[in-house]
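First the structure, in the form of structure tokens, and then the observations on it.
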Amino acid sequence: MLIFLYEKISADPSGFIAAFKLFNQNIVVLFVVIFLMPFNWLMEVLKWKYSIQPITQITMSNAVIGVLAGVALGFVTPHAIGDYFAKVFSITHQDRKKALGLILISRMMQMLPTALFGLLALFIYSQRSLVEIEIPFSITYPFLSILGFIIIIIFILLFLKRKHPKIHEYIEPVNRMGFKLITILTGLSFLRYLIFSTQFLLLLSVLNLKIDVFLQFMGIAFMFLAKSVLPTFNFLSDLGIREFSVALFFDSLNVEVAPIIASGLILWLINIALPALVGLFFIPQLKLKNT
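Converting from the sequence shown to this note's numbering requires adding 6 to each position, the first position being numbered 1.
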């Protein structure tokens with residue numbers, strides 16, 4: 007996918023240059039996008055602070071350490087393993103491995119808006135692109151995707167009901183999460199999704215695209231879904247999936263993809279690279295030994 011990204015840049019370097027000139031002329035929009043970045047990560051900090059409550063209470067400062075150190079470590083580790091590591095070692099609970107199940111649930115909550123809007127975007131993409139190029143998918147494909155997602159949720163719920171001794175210690179804290187806590191985590195997940203989407207839409211607004219805002223939002227949702235379900239091995243593969251998926255969607259709408267990819271690269275620098283750089287300073291504060 008990085009090869010695809012490289013080919014797109016090589017094929018239309020003038021398109022990328024023109025896009026960056028537009029952003030340079032609309033510096034206020036960039037400042038607004040940067041201003042929203044801390045609120046994006048604040049939602050994740052609050053999610054971590056609330057999700058760990060079934061086993062311990064942590065301060066906002068400790069929650070910030072866990073999240074930003076996780077961004078930095080997740081930047082260079084496959085499948086966001088560094089995020090789990092940083093969060094687990096940012097608390098001092100006597101049995102910190104119990105936090106793993108809670109971290110998983112918190113990440114699953116973020117999948118709710120991702121799946122809800124992403125599957126709709128997948129439906130739109132399938133109708134506009136897959137049928138046109140005679141790939142054997144039909145209108146049933148998105149519905150099969152939704153059905154598959156529901157089945158996965160059912161299996162997870164059944165798994166949480168198991169009482170196998172090897173997994174019970176991870177599941178037991180999850181079972182103590184009440185309806186109120188689940189509702190809070192869901193709300194924070196939707197807010198974070200909304201903030202991220204707003205950032206991307208602001209960048210796209212500079213480009214004067216000839217498609218409506220709804221389709222622009224669907225392109226963002228398509229990208230978020232691809233990023234969440236496709237495997238990543240490091241920050242470069244994550245970057246490649248982002249730009250590959252957004253290029254696929256907008257290309258199906260006959261929109262020039264070079265400016266779209268430029269927007270994605272800028273947002274990646276603001277939302278991922280910059281917080282990861284800041285997170286490096288929090289890694290030494292992780293508690294590798296319980297006190």
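Beta carbons: idealized from backbone N, C-alpha and C, even for Gly.
For VAL34, the number of other beta carbons within 10 angstroms of its own is below 16, and it is reported as exposed. Listed in chain order, the non-local C-beta contacts of ILE130 below 7 Å within the same chain comprise MET224, local neighbours out to five positions each way being set aside.
One alpha carbon belongs to GLU249, the other to PHE123, and they sit about 18 Å apart.
In this structure the stretch 200-210 touches the stretch 37-57; the number of beta carbon pairs closer than 8 Å is three or more. DSSP, read as helix, strand or coil, puts GLU249 in helix. Distance check between TRP54 and each of LEU194, LEU259, VAL252 places LEU194 closest, using alpha-carbon atoms only. Boundaries of the alpha helix (DSSP H) around LYS93: 87-94. Around the C-beta of PRO84, fewer than 16 other C-beta atoms lie within 10 Å, and the residue is accordingly described as exposed. When DSSP states are grouped into helix, strand and coil, PRO290 belongs to the helix group. With respect to GLN116, ARG198 sits close: the two C-beta atoms are nearer than 8 Å. A Cβ-Cβ distance of about 6 Å is found for the pair LEU273 and LEU209, placing them in contact under the 8 Å criterion. Counting of Cβ neighbours within 10 angstroms places LEU108 among the buried residues, the total reaching 16 or more. For the pair PHE95 and ALA268, the CB atoms are not nearer than the 8 Å cut-off. In the displayed model, ASP218 falls within coil according to three-state DSSP, outside both helix and strand.
The three-state reading of DSSP puts PRO281 in helix, counting H, G and I together. In chain order, VAL219, GLN222, PHE223, ILE226 place their CB closer than 8 Å to the CB of LEU207, counting only its own chain and leaving out the 5 sequence neighbours on each side.
If you draw a straight line from the Cα of ILE71 to the Cα of LEU292, it comes to about 8 Å.
In the three-state DSSP reduction, MET183 falls in the coil class, being neither helix nor strand.
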